[in-house]
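Asks: Taken in order, these protein sequences are the chains called R and D.
So the first sequence is residues 1 to 313, counted in our numbering.
So the second sequence is residues 314 to 564, counted in our numbering.
My questions will all concern the structure given below.
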Amino acid sequence: MSAIRIEALTKSFGKFRALDGLSLTVEGGAVFGFLGPNGAGKTTTLRILTGLAHADSGGAWVEGLEVGKSAEISSRIGYLPEEPAFYPWMTGIETLDTMGQVHRIEKAERRRRVDEMLEMAGLTEAGKRRVGGYSRGMRQRLGLAQALIHRPQVLLLDEPASALDPAGRKDVLGMIEGLRGQCTVFMSTHILADVERICDTVAIIDRGKLVANARRADLIARYAIPMLALEADDVDRLNKLATEVSQMGWAHAVAIEGRRLTVTVKDLAAAQRELLAQAVAAGLVVTHYEQVKPSLEDVFLRIVENGKESRQL
Amino acid sequence: MMTALTKEWLEQRRTHRLLIVCLILLLFGLLSPLLAKFTPEIIKMVPGGEQISQVIPPPTIADAVVQYLKNLTQFGLLLAVLMGMGMVSQEKDKGTAAMMLAKPLGRTAFILAKAAAMGASFLIGTALAAAAGYYYTLLLFEALPAGGWLALNGLLLIYFSVYAALTLLASTLNRSVLGSGVTAVGFVILLALIEMIPAAGKLLTGGLLGWAGNLALGSAEAPAWGALWVCLGLIAAALTASVLVFRRQEI
């Protein structure tokens, strides 16, 4: 049984179609990256999965239970919104204790879980302080702690690290990474580096539609365009080479950044044969040459910018 | 429900809502008999006031009751609107409602806990005002019939609850505190306009207050059972509407 199943989900806000027949499946135990540009429909999907918003049509199931039909779902999920909001007059301990009470965790167990969660979030010291005085990073970690207080089977995270500074991002991503194997993590984000770091499976959504869904490595292998890069000291000759290369049949796009020339290629073998030779013929002294390892960012940009390739591996 | 209620009650205390309601109602509970008693004296101190004070009849216990009712209804209504207008809308706007409602907390419990907590604050505030008003009336005038005084304050609590419930509905209908405030004031104005129709006025809060005044002075005249039932019905209708609207809303 899949942890999350979404079928033909649609949702409109006035004339704006936030979700346009979205379908996807998330296997249990996965750390699933739900990628998309701003406004793609990520938050709407998460809000529907939590029952906070209603779909116009289609359906969604969490752990086999249909969203909107079974109240049991809210006990199985943990949810961290993009900007977790707390009662500023509560302390960290009271916040987690209240969330534990809502989940009907027995008092002694609740006390244990609150301590555990505070420790995991690095908030043991701050637990007695009112949440109103917490920093953004502390609130985000508290948000993750409250989402995990009842040991959910599925953790829904909406842009969990997007608004954090590098140190805060590292902390939160470290906490999420630590959950691998404990529950299914469904994480929406537009930050590719976060997905590259912790997600094993990725779906890309654009304009409310799924455009790719695969294991991260498979996605890169399938969608990434090969790239070659070389570096040389003579910028004028490098520019001249760039003009020549851009006219070659094997070149897809050419870019120069400082003393580095990057060529995305259609025919890798031909490019590997000819690029260095052309550089030497142009009188360049090549100081560095490599085949660039494609990143998820390349895949994402290619898929999203090219638009509506609705493919699923 | 108990978790939601515990949270709401803690909120009433931590955000000083309970304190504010208690202090204001207590203050006017205390001041009302004082004002009734000393208004002629105060007027005397104003230049040219001596002549006016001569035509003012000596204050009676009825003036104390009227003053108490007037002050508490005005400030109680204001408190109900100010304390209640952000109760739901602010939680929706700030995102705390989403945090709570993504968990196994029912929306009905969420709304009813708020109503109960606000009701409890007004109950304590009214009890304090009643005790203070009774004591000062006793000191400055004479003892009020205890049963009648209790009935007056019970009806006063129902009066506050009508406006608190309508404000809660306004807060549920809106996403911003300002919008909730405007809607709540709209409800108050609408109710006031309806009360201007003599036949309808007897069946609304005005009828309730007239009856309350009579009861406090030991008179069994003109019981306004109709107004009581209509006010209780208004409270129930406003709360039911809040729950039904909130259950359908996207948070």
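Don't be surprised by glycine CBs; every beta carbon is placed ideally from N, CA and C.
All values reported here derive from a predicted model rather than from experimental measurement.
Residues in the same chain with beta-carbon distance under 8 Å from D/PHE388, minus the five sequence neighbours each way, listed in chain order, please.
Replies: ILE337, LEU338, PHE341, listed in sequence order.
Asks: According to DSSP, is D/GLU354 helix, strand or coil?
Replies: The answer is helix: DSSP assigns D/GLU354 an H, G or I state.
Asks: Please confirm whether any heavy atom of the ligand COA lies closer than 7 Å to the CB of R/LEU230.
Replies: The ligand COA is not part of the structure shown, which contains no ligands of any sort.
Asks: So if DSSP puts R/THR262 in a beta bridge, which residue, or which two residues, is it bridged to?
Replies: Answer by DSSP bridge pairing, in chain order: R/ALA229, R/ALA255.
Asks: In terms of residue numbering, what span does the alpha helix (DSSP H) encompassing R/GLN278 cover?
Replies: Residues 268–281.
Asks: Along chain R, which residues have their Cβ under 8 Å away from the Cβ of D/THR409?
Replies: Here the neighbours are ALA85, PHE86, TYR87.
Asks: Residues in the stretch 320–335 of chain D with C-beta within 7 Å of chain R's C-beta atoms, listed in sequence order?
Replies: Going along the stretch 320–335 of chain D in chain order, one finds LYS320, GLU324, ARG327, THR328 with a Cβ nearer than 7 Å to chain R.
Asks: Pull up the distance between the alpha-carbon of D/ALA430 and that of D/VAL475, whole angstroms please.
Replies: Rounded to whole angstroms, D/ALA430 to D/VAL475 spans 15 Å at the Cα level.
Asks: Report the residue from D/THR485, D/TYR448, D/GLY408 whose alpha carbon sits nearest the alpha carbon of D/ALA428.
Replies: Comparing Cα positions, the closest option is D/THR485.
Asks: Using only the alpha-carbon positions, how far apart do D/THR553 and D/THR319 sit?
Replies: Their backbone Cα atoms lie some 21 Å apart in a straight line.
Asks: When you compare each of D/ARG561, D/GLU404, D/SER345 to D/THR450 by their alpha carbons, which one comes out closest?
Replies: Nearest C-alpha to D/THR450: D/SER345.
Asks: Cβ closer than 7 Å: which chain R residues qualify as neighbours of D/ILE564?
Replies: Here the neighbours are LEU52.
Asks: 8 Å is my cut-off, CB to CB: does R/THR45 come that close to chain D?
Replies: Output row for R/THR45: interface = no.
Asks: Would you list the residues sitting across from R/ASP158 in a DSSP beta bridge?
Replies: Paired residue(s): R/SER188.
Asks: What runs of the alpha helix (DSSP H), each 4 residues or longer, lie entirely inside the stretch 420–475 of chain D?
Replies: The stretch 420–475 of chain D contains these whole alpha helix (DSSP H) runs: 420–453.
Asks: From the DSSP output, in three-state form, read off D/TYR381 for me.
Replies: D/TYR381 falls in the helix class under three-state DSSP.
Asks: Shorter than 8 Å from the beta carbon of D/LEU418 to some beta carbon of chain R?
Replies: For D/LEU418, the answer is yes, since a Cβ of chain R falls inside 8 Å of its Cβ.
Asks: Taking only the alpha-carbon atoms, compute the straight-line gap between R/ARG17 and R/ILE48 and give it to the nearest angstrom.
Replies: About 14 Å.
Asks: In whole angstroms, give me the CA-to-CA distance for R/SER135 and D/LEU395.
Replies: Computed Cα separation, rounded: 30 Å.
Asks: List, in chain order, every chain R residue whose beta-carbon is nearer than 8 Å to that of D/THR421.
Replies: Going along chain R, no residue has its Cβ under 8 Å from D/THR421, so there is no contact; the nearest lies around 12 Å.
Asks: Identify the continuous beta strand (DSSP E) that holds R/LEU80 and give its terminal residues.
Replies: From DSSP, the beta strand (DSSP E) with R/LEU80 extends over 77–80.
Asks: Since I believe R/GLY137 is in contact with R/TRP321 (beta carbons under 8 Å), could you give me their beta-carbon distance rounded to a whole number of angstroms?
Replies: It is not possible to answer for residue 321 of chain R, since the shown part of chain R is limited to 1 through 313.
Asks: Answer with yes or no whether the minimum CB distance from D/ALA429 to chain R is below 8 Å.
Replies: Chain R contact via Cβ: absent.
Asks: D/ILE564: buried (16+ other C-beta within 10 angstroms of its C-beta) or exposed?
Replies: Buried, because 16 or more other Cβ atoms sit within 10 Å of the Cβ of D/ILE564.
Asks: Looking only at its chain, what residues have a beta carbon closer than 8 Å to the beta carbon of D/VAL556, apart from the 5 residues adjacent to it on each side?
Replies: Within the same chain, D/VAL556 has close Cβ partners ARG420, THR421, ILE424, LEU425.
Asks: Going along chain D in order, which residues have a C-beta closer than 9 Å to the C-beta of R/VAL195?
Replies: By Cβ distance, chain D contributes nothing, its closest Cβ being about 23 Å from R/VAL195, past 9 Å.
Asks: Can you look up D/PHE559 in the DSSP assignment and give me helix, strand or coil?
Replies: Residue state, collapsed to three classes: helix.
Asks: Hey, does R/GLN272 have any beta-carbon neighbour from chain D nearer than 8 Å?
Replies: No, no contact with chain D.
Asks: I want to know whether the stretch 239–248 of chain R touches the stretch 42–58 of chain R - three or more CB-CB distances under 8 Å.
Replies: Flag = no, the stretch 239–248 of chain R and the stretch 42–58 of chain R do not touch.
Asks: What are the boundary residues of the beta strand (DSSP E) that R/PHE206 is part of?
Replies: Note that residue 206 of chain R is Asp in the sequence shown, not Phe. Counting along the chain, the beta strand (DSSP E) containing R/ASP206 begins and ends at 201–206.
Asks: In angstroms with no decimal places, state the Cα-to-Cα distance between R/ASP194 and R/LEU173.
Replies: Whole-angstrom Cα-Cα distance: 7 Å.
Asks: Can you say whether D/GLY500 is buried or exposed, counting buried as having 16 or more other CB atoms within 10 angstroms of its CB?
Replies: The displayed chain sequence assigns Phe, not Gly, to residue 500 of chain D. D/PHE500 comes out buried.
Asks: What are the complete beta strand (DSSP E) segments, minimum 3 residues, inside the stretch 117–168 of chain R?
Replies: Runs found: 154–158.
Asks: Taking CB distances under 8 Å as the criterion, tell me whether R/GLU309 reaches chain D.
Replies: In this predicted model, R/GLU309 has a pLDDT of only 46, less than 50, meaning its place in the structure is not dependable; the value taken from the coordinates is given anyway. Output row for R/GLU309: interface = no.
Asks: Would you say R/GLN140 lies against chain D (beta-carbon separation less than 8 Å)?
Replies: Not an interface residue.
Asks: Taking D/THR439 as the reference, which of D/TYR381, D/SER402, D/ARG488, D/ALA456 has the closest Cα?
Replies: Residue D/TYR381 is the option with its Cα nearest to D/THR439.
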